[in-house]
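With the sequence shown counted from 1, adding 3 to any position gets you the working numbering.
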Amino acid sequence: MSPLAAGYPIGAAASVEQLTADPHALLARLRAAEPVSWLPALNGWLVTRHDLALQVMKDAATFTVDDPRFSTAQVVGPSMLSLDADEHARHRAPFSRQFRPREIEDRFGDFVRAECGRLVDGFVATGRAELRRALAGPLAVAVMADALGLDSTDAKRVLAWYDAIVSAVAEISAGHAPDQPDPLGAQAFGELRAHIEGSAAKPSLLAEAAQALALPEVVSNAAVLMFGGIETTEGMIANLLLHLLTNPSQMDVVRADPSRIPDAVEESLRLEPAAAVVDRYATRDVELAGATIARGDLVTVSLTAANRDPALFDRPDDFDLLRPNLRHQLAFARGPHFCLGIDLARLETRVAVETVLDRLPGLALTDAATPAGLVFRKPDAVHVRWDAP
Ligand code: HEM
């Protein structure tokens with residue numbers, strides 16, 4: 004056992020399988036006894052306390068994303084997700100204004116409502132469906148296709164690009180092809196670039212960014228929007244449906260008062276953030292809660308663990324949308340890299356749930372399911388039935 008692992012017995016015993024399946028009990032033990040722990044399974048440090056998670060994410064000078072090991076940047080090139088300081092601000096600023104809540108409602112509100120309605124129309128008569136693949140996934144893809152200036156018939160292309168880029172990133176993360184980019188990923192990225200080059204003159208989210216950034220930079224950031232906005236949003240919607248369907252008293256609260264749906268969205272994000280971790284790299288030797296972190300070490304922040312910190316949240320494992328401080332959840336990260344798509348993801352999730360509750364009376368889960376995943380956590384499926392018209 005390495006000297007590092009010897010100092011962190013809980014971390015030393017943790018496996019990727021445990022972290023992937025149901026990590027909450029393990030994360031609670033780490034948070035209590037080794038809040039900054041060395042996990043050989045991750046070849047890095049894992050931060051599990053809420054206050055320390057905030058500290059790491061807010062201090063980009065010490066804990067940076069800008070490192071050649073960062074897998075997404077190896078596939079799509081430098082973007083806001085993989086840069087810090089002035090370069091980060093230069094890449095992010097041209098998109099920021101367009102992602103403000105007001106702009107998001109004006110630009111996407113009608114589209115999201117129409118798309119949810121159209122998707123539910125497709126299966127409402129059947130009385131049974133699997134809502135992750137019939138609603139959450141297609142909605143997230145359609146919104147991204149629209150945001151990238153493609154029409155909805157091109158959603159399949161967006162999904163194909165997305166799948167190719169995700170698998171190229173996953174290959175690199177798994178250490179399979181660190182020096183040789185996956186050809187499919189490169190091809191998908193090339194197609195995305197050709198599309199954006201061909202449509203940069205049309206008014207769109209990207210056209211505005213193209214006024215401030217070079218075209219290859221717009222393309223890299225567009226890939227990051229797609230990478231950041233599809234699987235996470237699908238998971239966010241699926242997790243919330245599951246949380247409501249398995250907590251009847253909470254479902255009653257939102258049925259009695261639909262204005263509570265945004266609170267249910269936040270509480271679901273707290274209990275099971277769709278993106279479970281964010282990765283940083285130490286820029287210098289640094290002490291954190293007694294741990295001696297060396298320059299260059301990987302420092303992974305567990306948003307999942309921080310969100311169940313009992314120092315902040317009473318009965319942290321309960322789904323309770325009436326808790327007063329649910330907005331302290333960290334599912335969208337904090338600091339300079341806090342999620343750009345927060346209000347779009349919230350809009351999609353709120354409208355998806357409103358539509359389901361409105362259109363599918365007597366909705367009930369037919370098969371048990373729980374969220375799982377190391378980085379992206381969601382249920383494999385959300386099988387439901389309802390009283391068909
Ligand atoms: C419409 C949907 C979404 C879009 C367009 C989107 C876009 C983005 C972008 C562009 C960033 C990088 C910001 C930066 O580095 O400055 C980001 C970061 C992030 N997003 Fe999202 N996102 C979406 C949905 C979500 C959802 C549903 C979640 C989780 C529930 C999520 C979690 C995060 C997290 C944790 C980060 C921080 C990554 C880090 O600090 O390393 N996002 N998002």
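The beta carbon of each residue, even a glycine, is placed where N, CA and C say it ideally should be.
Element boundaries [alpha helix (DSSP H), containing residue i]
i, result
"Ile175", "158 to 176"
"Glu106", "104 to 126"
"Ala96", "88 to 99"
"His27", "27 to 36"
"Arg353", "345 to 362"
"Val378", "From DSSP, Val378 is part of no alpha helix (DSSP H); its letter is neither H nor E."
Endpoints, beta strand (DSSP E) assigned at residue i
i, result
"Glu290", "289 to 291"
"Asp282", "280 to 285"
"Thr249", "Taken as a continuous stretch (DSSP letters only), Thr249 belongs to no beta strand (DSSP E), as it is neither H nor E."
"Glu133", "131 to 133"
"Gly47", "47 to 50"
Residue i versus residue j - alpha carbon distance
i, j, result
"Phe66", "Val227", "20 angstroms"
"Tyr11", "Pro382", "31 angstroms"
"Ser207", "Ser170", "27 angstroms"
"Leu343", "Phe335", "9 angstroms"
"Arg330", "Asp317", "14 angstroms"
"Thr23", "Gly376", "5 angstroms"
"Leu29", "Phe126", "40 angstroms"
"Leu122", "Pro251", "25 angstroms"
"His386", "Ala64", "45 angstroms"
"Ala309", "Glu37", "13 angstroms"
"Arg93", "Met83", "8 angstroms"
"Ala132", "Ala367", "11 angstroms"
"Val302", "Glu108", "36 angstroms"
"Arg388", "Pro319", "30 angstroms"
"Ile296", "Arg380", "28 angstroms"
"Glu90", "Pro339", "12 angstroms"
"Ile168", "Glu234", "12 angstroms"
"Ala212", "Val281", "25 angstroms"
"Ala191", "Gly293", "45 angstroms"
"Ala8", "Ala56", "21 angstroms"
"Gly130", "Asp361", "14 angstroms"
"Pro52", "Ala277", "What sits at residue 52 in the sequence shown is Arg, not Pro. Answer to the nearest angstrom: the Cα atoms are 18 angstroms apart."
"Leu347", "Ser262", "18 angstroms"
"Val50", "Arg72", "19 angstroms"
"Ile264", "Val356", "8 angstroms"
"Ile13", "Asp370", "34 angstroms"
"Thr236", "Asp87", "25 angstroms"
"Leu272", "Arg34", "19 angstroms"
"Glu174", "Ala279", "19 angstroms"
"Lys61", "Arg337", "6 angstroms"
"Leu209", "Ala148", "12 angstroms"
"Arg95", "Leu333", "20 angstroms"
"Ala17", "Glu275", "20 angstroms"
"Pro181", "Ser223", "Any reading at Pro181 must be qualified, since the residue scores a pLDDT of 49, below 50, and its modelled position is unreliable; the value itself is stated next. Near 19 angstroms, if we compare the C-alpha coordinates of Ser223 and Pro181."
"Asp54", "Arg32", "16 angstroms"
For residue i, the nearest candidate out of the options (CA to CA)
i, options, result
"Val161", "Leu57, Val280, Val146", "Val146"
"Asp70", "Ala64, Ser85, Val304", "Ser85"
"Arg287", "Arg298, Ala375, Ala212, Ala279", "Arg298"
"Cys119", "Pro97, Ala143, Asp109, Gly130", "Ala143"
"Met239", "Ser202, Arg135, Leu195, Pro26", "Arg135"
"Glu290", "Asp25, Trp48, Leu29", "Trp48"
"Thr358", "Glu37, Glu174, Leu244", "Leu244"
"Ala139", "Ala384, Pro392, Arg388, Asp390", "Ala384"
"Glu20", "Ala191, Ala212, Leu45", "Leu45"
"Asp3", "Ala8, Asp370, Arg283", "Residue 3 falls outside the range modelled here, since the chain spans only 4 to 392, and no answer is possible."
"Gly365", "Ile345, Pro392, Thr373", "Pro392"
"Leu42", "Pro313, Asp370, Asn328, Ser305", "Ser305"
"Ala137", "Ala148, Asp124, Asp149", "Asp124"
"Asp390", "Pro374, Thr373, Leu363, Ala372", "Leu363"
"Gly112", "Ala150, Ala128, Thr75", "Ala150"
"His27", "Val378, Phe341, Pro313, Thr307", "Thr307"
"Leu153", "Pro104, Ala225, Gln214", "Ala225"
"Asn242", "Thr373, Asp54, Arg105, Gly188", "Thr373"
"Val68", "Arg311, Val172, Ala285, Ala189", "Ala285"
Does the contact criterion of 3 or more C-beta pairs under 8 angstroms hold for the region 252 to 260 versus the region 317 to 330?
Touching, yes.
inquiry  = Between the region 70 to 86 and the region 217 to 233, can you find at least three pairs of beta-carbon atoms closer than 8 angstroms?
reply    = Enough Cβ pairs lie closer than 8 angstroms, so yes.
Using 8 angstroms as the threshold, is the region 261 to 269 in touch with the region 346 to 361, meaning 3 or more CB pairs across them?
-> yes
Problem - Contact shell at 6 angstroms, judged by CB to any heavy atom of the ligand HEM, ordered along the chain - result: The set of residues with any CB-heavy atom separation to the ligand HEM below 6 angstroms comprises, in chain order, Val68, Met83, Leu84, Arg95, Val227, Leu228, Gly231, Gly232, Thr235, Thr236, Met239, Leu272, Pro276, Ala277, Ala278, Val281, Ala334, Phe335, Ala336, His340, Cys342, Leu343, Gly344, Leu347, Ala348.
Touch test, the region 109 to 118 against the region 218 to 227, Cβ-Cβ under 8 angstroms, three pairs minimum = no
Exercise for review: Count the CB pairs spanning the region 193 to 203 and the region 98 to 105 that are closer than 8 angstroms, and state whether there are at least three.
Suggested key: Inter-segment contact for the region 193 to 203 and the region 98 to 105 is absent: fewer than three beta-carbon pairs are separated by less than 8 angstroms.
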